[in-house]
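Visitor: In the numbering used here, the protein residues as written are 214 to 433.
In this text, a Cβ means the ideal position worked out from N, Cα and C, and glycines have one as well.
(1) Classify residue 408 as helix, strand or coil using the three-state DSSP reduction.
(2) Would you kindly work out how many angstroms separate the C-alpha atoms of residue 411 and residue 270, rounded to a whole number?
(3) Please report the residue range of the alpha helix (DSSP H) in which residue 248 lies.
(4) Beta-carbon within less than 7 Å of residue 340's beta-carbon, same chain only, minus the 5 sequence neighbours each way: which residues are those?
(5) Unbroken beta strand (DSSP E) runs of length 3 or more, entirely within the region 343 to 369: which are they?
(6) Looking at C-beta atoms only, is the number of pairs between the region 340 to 351 and the region 364 to 372 that lie closer than 8 Å three or more?
(7) Please classify residue 352 as buried or exposed, where buried requires at least 16 other C-beta atoms within 10 Å of its C-beta.
(8) Report the partner residues of residue 393 according to the DSSP bridge assignment.
(9) Give me, in chain order, the residues of the same chain whose beta-carbon lies closer than 7 Å to that of residue 259; leave out the 5 immediate sequence neighbours on both sides.
(10) DSSP has residue 271 in a bridge; who is on the other side?
(11) Could you give the residue range of the beta strand (DSSP E) that holds residue 262?
(12) Does DSSP put residue 283 in a helix, a strand or coil?
(13) Along the chain, where does the alpha helix (DSSP H) containing residue 429 start, and where does it finish?
(14) In chain order, what residues of the same chain have a beta carbon less than 7 Å from the beta carbon of residue 404, not counting five sequence neighbours either side?
(15) Whole-angstrom Cβ separation of residue 288 and residue 233, contact assumed at under 8 Å?
(16) In the DSSP assignment, the beta strand (DSSP E) including residue 240 goes from what residue to what residue?
(17) CA-CA distance, residue 387 and residue 333?
(18) Does DSSP put residue 422 in a helix, in a strand, or in coil?
(19) For residue 281 and residue 422, I'd like the C-alpha separation in whole angstroms.
(20) Within 10 angstroms of its Cβ, does residue 250 collect 16 or more other Cβ (buried), or is it exposed?
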């Protein structure tokens with residue numbers, strides 16, 4: 214009886230703990246070829262939000278890593294994006310002070326969770342470590358690496374889209390459309406519609422879900 218009570222209590226704790234976590238299935242094209250490329254992806258995603266689970270699928274034909282990556286992010290403390298000064302990310306007015314009630318804290322977590330998801334979807338690509346490791350100008354911060362791509366077919370809806378260059382301070386290439394806000398689904402549709410240089414970049418496509426059930430499904 215005590216065992217069942219403890220098990221139920223543990224399950225409830227786990228559900229509460231993971232309620233605002235983010236479960237992301239990421240497709241990385243091409244797949245990483247060594248641990249340095251994996252670490253470079255991990256280190257930079259970790260700058261978006263704290264990572265609690267990170268696993269690449271198994272590769273084939275002598276490559277230890279596949280194209281599929283599973284990541285669990287915590288939204289309890291958020292870094293949002295290596296390119297956004299956290300002080301410039303404005304919380305709604307009611308969140309500016311330290312939350313004093315459970316409901317206020319819940320709203321803060323929901324807001325942060327939403328911000329993290331949007332930031333992840335806006336990431337288009339990251340340089341391959343195997344390519345940039347010999348680029349002295351890039352590593353010294355003197356040169357940026359442009360992300361060159363081609364639309365697979367005529368997609369007029371993406372005419373005003375652009376993707377930022379990568380730099381040592383800001384490795385991720387971020388999707389933007391001027392002042393227009395892009396919804397996450399459109400970001401992923403854009404990524405599906407482009408070809409890029411496999412020698413220089415990993416294209417990162419995200420399928421994101423949130424909450425304890427999503428975390429459970431991701432780790433099965």
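Guide: In short:
(1) strand
(2) 19 Å
(3) 248 to 258
(4) 358, 379, 384, 413, 414
(5) 362 to 364
(6) no
(7) exposed
(8) 390
(9) none
(10) 278
(11) Note, residue 262: premise wrong, no beta strand (DSSP E); not H, not E.
(12) strand
(13) 425 to 431
(14) 337, 416, 418
(15) 5 Å
(16) 235 to 242
(17) 9 Å
(18) strand
(19) 16 Å
(20) buried
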